[in-house]
Amino acid sequence: MQSNRMLPNRSRTSVLVFLLPPLLLYGAAVLFPILQSLFLSFFSWNGISDMEFVGVDNYVRMFVADDIFWRAFLNALVYLAICLVLQLGGALVVASLLTSLRRGRELIKTLYLLPAVISTVAIAFLFVRIYSLEPVGLLNQLFHWMGLGSLERPWLSDVNTVLAAVSAPEGWRFTGLYMLIIYAALLAVPKELEEAAVLDGASRWTLFTKIRFPYIRPVWITTTIMATTYGLRGFDIPYLMTNGGPGQSSELLTTYMYKTAFTSTDFGYASTISVFIVVECLVAVGLILFLLKRKADA
Amino acid sequence: MITQTAPPTPPAAVVPVRPSGKRRRRRPDLFRTLSRVLIMLIVIVQVYPLAWLFLTSLRTEQDFATGDPFALPSSLTWENYARAFETGDLGRNILNSFIVTMGANILIVLLGMMAAYAIQVLGFRLSKLVRGLFLIGIIVPVQIALVPLFIDYAAVNLLDTYLSMIIPLAGFSLPMAIYLFCSFYEYIPKETYEAASLDGAGPYRIFGLITMPLSLNTVVTVVLVNSIFIWNDFIFANTFVLSEDLKTIPLGLQNYIGAMGKVDWTATFAAVCVTITPLLLVFLVLNKAMIQGLESGATKG
Numbered sequence: 006m007q008s009n010r011m012l013p014n015r016s017r018t019s020v021l022v023f024l025l026p027p028l029l030l031y032g033a034a035v036l037f038p039i040l041q042s043l044f045l046s047f048f049s050w051n052g053i054s055d056m057e058f059v060g061v062d063n064y065v066r067m068f069v070a071d072d073i074f075w076r077a078f079l080n081a082l083v084y085l086a087i088c089l090v091l092q093l094g095g096a097l098v099v100a101s102l103l104t105s106l107r108r109g110r111e112l113i114k115t116l117y118l119l120p121a122v123i124s125t126v127a128i129a130f131l132f133v134r135i136y137s138l139e140p141v142g143l144l145n146q147l148f149h150w151m152g153l154g155s156l157e158r159p160w161l162s163d164v165n166t167v168l169a170a171v172s173a174p175e176g177w178r179f180t181g182l183y184m185l186i187i188y189a190a191l192l193a194v195p196k197e198l199e200e201a202a203v204l205d206g207a208s209r210w211t212l213f214t215k216i217r218f219p220y221i222r223p224v225w226i227t228t229t230i231m232a233t234t235y236g237l238r239g240f241d242i243p244y245l246m247t248n249g250g251p252g253q254s255s256e257l258l259t260t261y262m263y264k265t266a267f268t269s270t271d272f273g274y275a276s277t278i279s280v281f282i283v284v285e286c287l288v289a290v291g292l293i294l295f296l297l298k299r300k301a302d303a
Numbered sequence: 007m008i009t010q011t012a013p014p015t016p017p018a019a020v021v022p023v024r025p026s027g028k029r030r031r032r033r034p035d036l037f038r039t040l041s042r043v044l045i046m047l048i049v050i051v052q053v054y055p056l057a058w059l060f061l062t063s064l065r066t067e068q069d070f071a072t073g074d075p076f077a078l079p080s081s082l083t084w085e086n087y088a089r090a091f092e093t094g095d096l097g098r099n100i101l102n103s104f105i106v107t108m109g110a111n112i113l114i115v116l117l118g119m120m121a122a123y124a125i126q127v128l129g130f131r132l133s134k135l136v137r138g139l140f141l142i143g144i145i146v147p148v149q150i151a152l153v154p155l156f157i158d159y160a161a162v163n164l165l166d167t168y169l170s171m172i173i174p175l176a177g178f179s180l181p182m183a184i185y186l187f188c189s190f191y192e193y194i195p196k197e198t199y200e201a202a203s204l205d206g207a208g209p210y211r212i213f214g215l216i217t218m219p220l221s222l223n224t225v226v227t228v229v230l231v232n233s234i235f236i237w238n239d240f241i242f243a244n245t246f247v248l249s250e251d252l253k254t255i256p257l258g259l260q261n262y263i264g265a266m267g268k269v270d271w272t273a274t275f276a277a278v279c280v281t282i283t284p285l286l287l288v289f290l291v292l293n294k295a296m297i298q299g300l301e302s303g304a305t306k307g
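Residue numbers (this note's numbering), protein chains in the order written: chain A, 6 to 303; chain B, 7 to 307.
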């Protein structure tokens with residue numbers, strides 16, 4: 006952020022030589038496609054016939070006439086909520102507990118991060134088995150032993166449970182990642198502050214809410230943004246496990262967009278949904294910054 | 007919590023309070039035991055599915071279909087692994103994943119260093135704007151690029167190539183790399199550059215002889231963090247690649263879903279075990295560096 010220009014004599018060409026190649030790749034892979042989506046969202050096109058300009062028809066269709074869109078939007082919010090609770094809540098609890106351990110911290114960090122290294126396809130396979138009823142999977146067996154036989158069910162084909170069932174693996178997978186980040190931040194809280202508070206007779210809870218959490222708030226904001234943007238782009242696991250089904254009960258905006266584009270080859274309308282997803286992400290990030298920063302000032 | 011551990015406290019202050027200190031210690035112990043149990047439980051939830059995956063890959067099919075899923079296998083067999091290698095082309099998949107990961111990483115590291123050098127070291131008037139442009143790539147979901155890239159690739163005949171996967175994977179990872187390099191370049195003292203300039207070195211030589219060699223640690227971080235995501239990429243590969251020869255690991259695994267959705271589970275789990283091994287080994291060997299990378303990536307980003 007500080008003064009640019011560390012080199013006294015550099016030519017304008019040298020800046021371009023270093024800047025253009027990365028901008029070119031980034032432009033081709035990220036920036037141009039965003040503009041292209043915006044452009045395509047005003048057309049009707051199946052990839053073969055001529056493109057037809059339809060104005061805002063796609064947007065009207067999306068907001069007014071498309072029930073599946075709204076269903077997918079609500080599902081995506083539920084998916085996001087479950088991921089956030091598991092990832093951020095779980096991360097905060099485990100990170101706090103971990104600071105009270107004397108030995109084995111490194112081992113636990115490693116074990117905890119393990120699922121983040123495994124591909125989503127493998128995770129999808131794994132959880133299909135965990136949820137299955139016939140042959141009985143881990144989850145149903147567990148409920149059976151606990152005497153909660155009424156809870157046994159085929160989790161992925163029950164319309165009431167499928168959304169939670171496809172969200173949980175995503176939460177499970179990345180808890181370790183966020184835990185690491187929060188743990189590193191907690192370690193950076195100055196010991197003098199904590200010790201002073203303990204001498205003043207602060208309970209663990211006040212220690213946490215008044216000293217530790219305010220101190221890690223900047224990192225907490227970053228992690229919340231990361232987890233939210235990742236949650237909103239969640240795709241692999243629902244797509245692989247249920248492909249949005251049964252019916253539309255685990256359809257997310259991303260899977261709906263994908264199917265609209267590559268199954269129904271409705272590129273125009275799919276781009277309209279993409280544009281909505283981008284706006285949704287930007288709004289979410291803005292909202293997080295607004296809410297968390299304001300609270301910090303208060 | 008560190009405060010309760012207490013041994014290194016200054017003796018002078020503690021001596022008079024010691025008796026009460028000893029009594030007070032009991033409660034924290036309860037707390038610590040509780041948190042230890044809780045952590046153990048959470049770790050089990052986190053790790054057990056993976057252990058189960060491995061055990062299942064050694065079970066006989068019959069054992070898997072009928073038995074209690076928590077039970078230890080009645081007999082161990084490597085047969086599933088043999089079937090896994092027969093069904094798919096695992097070696098080919100691993101090689102492809104390796105090519106894509108390497109290709110994308112080379113682009114990310116090289117271009118990331120160049121952009122950070124231009125922004126942070128050379129400096130120019132619109133550098134704030136350029137930083138902002140790159141920030142978009144961190145927030146925006148990758149799915150936005152699928153339809154446009156599919157159309158563009160079709161137009162220039164890039165569909166079904168390694169490049170079709172490498173370009174978007176590198177493009178979307180570039181911003182984070184640039185931020186990491188930028189925040190590192192901030193700490194290279196100005197004097198280093200001035201001295202080199204006085205010796206007559208231009209911006210290109212300084213980049214090659216000073217900035218690049220100094221960046222080695224950041225390079226390791228960037229490569230490790232990105233490799234996890236690129237190695238496991240499903241969505242770009244699934245959209246742009248059709249031919250068997252180019253399939254990466256995630257796509258290769260899908261081949262184990264047979265006709266009518268019938269799956270040979272024990273062989274599939276064996277295949278999963280084979281394919282997660284390379285990255286898992288790297289992770290276990292380098293986990294310190296990787297953990298550091300992930301931590302610094304987020305606290306700085």
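Just so you know, even glycine gets a beta-carbon here, dropped at the ideal spot from N, CA and C.
The beta-bridge partner set that DSSP reports for phenylalanine 48 of chain A consists of A/Phe58.
About 47 Å separates the beta carbons of alanine 90 of chain B and leucine 24 of chain A, which is beyond the 8 Å limit, so they are not a contact pair. For a cut-off of 8 Å, the C-beta gap from leucine 180 of chain B to isoleucine 236 of chain B is around 12 Å, too long to register as a contact.
For chain A, the residues of the region 59–92 of chain B that bring a beta carbon within less than 9 Å of one of its beta carbons are Leu59, Thr62, Phe70, Ala71, Thr72, Gly73, Asp74, Pro75 and Phe76, in chain order. With 16 or more other CB atoms across the displayed protein chains lying within 10 angstroms of its CB, valine 171 of chain A is buried. Close to chain A, meaning a Cβ-Cβ distance shorter than 9 Å, are the following residues of the region 162–177 of chain B: Ile173, Pro174, Leu175, Ala176 and Gly177. Bounds of the alpha helix (DSSP H) holding isoleucine 226 of chain A are 218–237.
For tyrosine 210 of chain B, the C-beta contacts it makes with chain A under 8 Å involve Ser19 and Val22, in order along the chain.
The shortest CA-to-CA distance from valine 122 of chain A to any of B/Pro75, B/Ala243, B/Asn232 and B/Leu64 is the one to B/Asn232. Counting C-beta pairs closer than 8 Å gives three or more between the region 91–110 of chain B and the region 170–187 of chain B, which meets the contact rule. When the beta-carbon positions are compared, leucine 138 of chain A and proline 159 of chain A come within less than 8 Å of each other. At a cut-off of 8 Å between beta-carbon atoms, isoleucine 113 of chain A makes contact with chain B.
When C-beta atoms of the region 137–156 of chain A are compared with those of the region 68–80 of chain A, fewer than three pairs fall below 8 Å, so the two segments do not count as touching. In the structure shown, the three-state DSSP call for isoleucine 53 of chain A is coil. Around the beta carbon of valine 69 of chain A, fewer than 16 other beta carbons sit within 10 angstroms, so the residue counts as exposed. Proximity of threonine 229 of chain A to chain B, defined by a Cβ-Cβ separation below 8 Å, is not satisfied. Threonine 259 of chain A belongs to the set of residues whose beta carbon lies under 8 Å from a beta carbon in chain B.
Distance from the CA atom of glutamate 67 of chain B to the CA atom of leucine 82 of chain B, rounded to whole angstroms, is 11 Å. Within 10 angstroms of the beta-carbon of proline 195 of chain A lie fewer than 16 other beta-carbons, which makes it exposed. Taking serine 16 of chain A as reference, the option from B/Val43, B/Gly129 and B/Gly118 with the minimal CA-CA separation is B/Gly129. Distance from the CA of leucine 112 of chain A to the CA of phenylalanine 104 of chain B, rounded to the nearest whole angstrom, comes to 28 Å. Residue pairing by DSSP places isoleucine 263 of chain B opposite B/Val269 in a beta bridge. Taking a Cβ-Cβ cut-off of 8 Å, the neighbours of threonine 125 of chain A in chain B comprise Asn238, Phe240 and Pro256, given in sequence order. Around the C-beta of phenylalanine 179 of chain A, 16 or more other C-beta atoms lie within 10 Å, and the residue is accordingly described as buried. DSSP places lysine 253 of chain B in no alpha helix (DSSP H); its state is neither H nor E. Between glycine 94 of chain B and asparagine 261 of chain B, the C-beta spacing is below 8 Å. Residues of the region 229–257 of chain A with a C-beta atom less than 7 Å from some C-beta of chain B are Met231, Thr234, Leu237, Arg238, Phe240 and Asp241, listed in chain order. At a cut-off of 8 Å between beta-carbon atoms, methionine 262 of chain A makes contact with chain B. Around the CB of serine 208 of chain A, fewer than 16 other CB atoms lie within 10 Å, so the residue is classed as exposed. Per DSSP, isoleucine 123 of chain A lies in no alpha helix (DSSP H) segment and is marked neither H nor E. The straight-line gap separating the alpha-carbon atoms of valine 153 of chain B and tyrosine 274 of chain A is approximately 11 Å. The Cβ of alanine 34 of chain A sits closer than 8 Å to at least one Cβ of chain B.
Among the residues facing chain A, proline 219 of chain B is not included, as its CB has no counterpart in that chain under 8 Å away. Proximity of the region 220–231 of chain B to the region 182–200 of chain B meets the contact definition, three or more beta-carbon pairs being nearer than 8 Å. When the alpha-carbon of tryptophan 271 of chain B is set against those of B/Ala77, B/Gly206, B/Asn238 and B/Leu64, the nearest one is in B/Leu64.
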